[in-house]
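The numbering of the sequence shown is this note's numbering, which starts it at 11 and goes up by one. Yeah, the Cβ is synthetic: ideal placement off N, Cα and C, and Gly gets one too. These numbers were taken from a predicted model, which means no experiment stands behind them.
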Amino acid sequence: MKLENGNSGSIITHHGFTPKIPESAFLCEGVRIIGDVELGENVSVWFNTVIRGDVNYIRIGDNSNIQDMSMLHVTNKVWPLIIERNVSIAHSVTVHGCTLKEGCLVGIGANVLDGAVVGEYALVAAGTVVREGFEVPPMTLIAGVPGKVIRELKPAEIERVKSTPYNYINYVAEYRKEYEQYLQNNKQ
């Protein structure tokens, strides 16, 4: 195991796998990324999130955002974690060995378990538990413990789900701008 401390987080090589992180990715303070993990372009990973590709692989698609204090993990040799492009994972979410299809949004404090599939532009409500192997249809709202499909999303809700990744791309631009200003103001 090899630990590399970056400016923002820690990138940990595990079993010969070093996470692949493009220059366009944004990692906040306290982030830990371990093992067989690949981030797409413009992915943002926010404060104190852990992405553990230690016993299987994790792939995160372009423009996705993983918000503060989330936990991403896999199941040993059974379930990898696949996050397609434009996915939003809200604060304090656990996603474990599942597939999150393009553009879906997983709400604050939700849990998505092994073998589950969240469909395109679906919305997992805050606090929901998506049980093992459950398939969430595209463009639907799922809520509860265990999660149940409540209804199809309304057009305005679909637009909100679709816009969230781009909001986070804008937040990253603001953070980077402020950081550059900080560096300029603190040159010695």
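> Does the Cβ-Cβ distance between VAL146 and ALA132 come in under 7 angstroms?
Replying inline: yes
> Under the three-state reduction of DSSP, which class applies to ILE31: helix, strand or coil?
Replying inline: coil
>> Just to confirm my understanding: we take PHE7, look at its own chain, exclude 5 residues before and 5 after, and list those with CB closer than 6 angstroms. What are they?
In response: The requested residue 7 is not part of the displayed model; the chain covers only 11 to 198.
> Using a Cβ-Cβ cut-off of 8 angstroms (strictly less than) and excluding sequence neighbours within five positions of LYS30, which residues of its own chain qualify?
Replying inline: VAL47, GLU48 and LEU49
> Going by beta carbon distance, what residues of the same chain come within less than 6 angstroms of TRP56, once the five residues before and after it are set aside?
Replying inline: CYS38, GLN77 and ASP78
> Would you call the CB atoms of LEU115 and VAL171 closer than 7 angstroms?
Replying inline: yes
> Roughly how many angstroms lie between the CA atoms of VAL105 and TRP89, to the nearest whole one?
Replying inline: 11 angstroms
>> My assumption, with CB atoms under 8 angstroms, is that ASN75 sits in contact with TYR189. Please give the rounded CB distance.
In response: That belief does not hold up - the Cβ atoms of ASN75 and TYR189 are roughly 18 angstroms apart, past 8 angstroms.
> Shortest alpha-carbon distance to LYS164 belongs to which of PRO175, MET149 and TYR176?
Replying inline: MET149
> Which residues bound the alpha helix (DSSP H) around ILE118?
Replying inline: Segment: none, ILE118 is in no alpha helix (DSSP H) and carries neither H nor E.
> Three-state secondary structure (DSSP) at GLU48?
Replying inline: strand
>> Spatial neighbours of GLY117 within its chain, please: C-beta separation below 6 angstroms, excluding the five flanking residues on both sides.
In response: ALA100, VAL134, ALA135 and ALA136
> To the nearest whole angstrom, what separates the beta carbons of GLY63 and PHE27, a pair I think is in contact under 8 angstroms?
Replying inline: 7 angstroms
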